[in-house]
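*Asks:* Protein sequences, first through last, are from chains D and V. FYI, the numbering for the first sequence is 1 to 76, going by our numbering. FYI, the numbering for the second sequence is 1001 to 1218, going by our numbering. Beta carbons are placed, not taken as given, at the ideal position from N, Cα and C, and that holds for glycine. It should be emphasised that the depicted structure is a prediction, and the values quoted were computed from it without experimental measurement. Please read through the structure below; I'll follow up with questions.
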Amino acid sequence: MVKVNLPPLAEGVNKAVITYLYVANGDTVKEGDKLAELVTDKATFNLPSPGAGRVTQIFFKEGDEVSVGQTIFQIE
Amino acid sequence: MILDLGTTDYENAYRVQMEMVALRRLKEIEDTILIAEHNAVITIGRAAGSKTSDNLLLGEDALEEYGIKVLTVDRGGDITLHAPGQLVVYPIVDLKDRVKDLHLYMRALEGSIIRCLDLFGIKSFRVPHRTGVWTSPRRKIASIGIAATDWITYHGLSLNVNVDLEYFSMIRMCGLRGVQATSMQEMLRKKITLKEVKGHMVKSICETLNISDADYVA
């Protein structure tokens, strides 16, 4: 089981907003597949899957604000 | 590597960017600068939160009359306009080989524009918390909106060279009342072409990002 957390995107930036979820619960993903799109100021970041597996939990929805280090996905 | 797409539709430039990002991920190409000029188009970034934006000031009918498309795109920021006379630069850069900091990267892009404008005698600066390049606190000469996949960047910057500033009356820039667009031509009060600016902008951004421009002829 792998937890996918929000990595630091920029110095002094502690939060980002989820603007798009590329996957849903139960989807199968490969390493590098885009899981979510997050925005901070005028920068968009596509969060990649760290490995292959099935998405078993999504802790946030589109429009939610996420803090650096918080878990967004669980992949098994 | 520098790739000049010339005048091209936004959608075509986006396709090329996606191809370049895929190749960069596979390490089949080095960091690359794409440059382009677009036919008139309004793009709405994810910050708008929907497929339209309160900052789009014209209705669909009026836009159709002007022949201007409105596209939703996957970059940061709200609403932006591209039109002929604007130099658009899309750096495809792997930040994993540099510093993984999206805001630092945007500040670097701003710096490259400021240095380029300085060569033409135009004084410009950053405004805190308002990404872009400004010639006064309410006049913006260049916009920035970036995206990154696996820390490989796409989208980028647009610098108003001699663009018809009337286009900008169609949008509320930065979502703020009273903010206006300016251009190099307006600031210099004389005609200036994209060709005159391209070489300097390419050189400035290549120096900033430490990319070779040896293969580029403006």
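Out of curiosity, what's the CA-to-CA distance linking Glu65(D) and Asp1150(V)?
*Replies:* One C-alpha to the other measures close to 20 Å.
*Asks:* Applying a beta-carbon distance threshold of less than 9 Å, which residues of chain D neighbour Asp1150(V)?
*Replies:* The answer, in chain order, is Gly32, Lys34, Asn46 and Pro48.
*Asks:* Alpha carbons only, please: which of Thr1153(V), Lys1096(V), Ala1083(V) and Ser1158(V) is nearest the one belonging to Leu1117(V)?
*Replies:* Looking at the Cα atoms, Ser1158(V) is the closest of the given residues.
*Asks:* If I'm right that Met1106(V) touches Ile1144(V) with Cβ under 8 Å, what's the distance once you round it to whole angstroms?
*Replies:* That pair is a contact at about 5 Å.
*Asks:* Does any CB atom of chain V fall closer than 8 Å to the CB of Asp41(D)?
*Replies:* Interface residue, yes.
*Asks:* Thinking C-alpha only, which one of Ile1146(V), Asp1101(V) and Lys1123(V) is nearest Pro11(D)?
*Replies:* Inspection of the sequence shows that residue 11(D) is occupied by Glu rather than by Pro. Ranking the options by Cα distance to Glu11(D), first place goes to Asp1101(V).
*Asks:* Please list, in chain order, the chain V residues whose beta carbon lies closer than 7 Å to that of Phe9(D).
*Replies:* Note that residue 9(D) is Leu in the sequence shown, not Phe. What Leu9(D) touches in chain V: Leu1102.
*Asks:* Would you call the CB atoms of Asp1061(V) and Asn1039(V) closer than 8 Å?
*Replies:* Contact: no.
*Asks:* Report yes if the C-beta distance between Pro48(D) and Leu38(D) is below 8 Å; otherwise report no.
*Replies:* Not a contact, by the Cβ cut-off of 8 Å.
*Asks:* Pull up the DSSP beta-bridge partners for Val1088(V), would you.
*Replies:* Note: Val1088(V) sits in a beta bridge opposite Ala1036(V) and Ser1158(V).
*Asks:* Enumerated in chain order, which unbroken segments of the alpha helix (DSSP H) with a length of 4 residues or greater are wholly contained in the region 1169-1216 of chain V?
*Replies:* The region 1169-1216 of chain V contains these whole alpha helix (DSSP H) runs: 1184-1188 and 1194-1209.
*Asks:* Within the same chain, show all residues whose beta-carbon is closer than 7 Å to that of Lys1203(V), passing over the 5 residues directly before and after it, in chain order.
*Replies:* Result list for Lys1203(V): Asp1213, in chain order.
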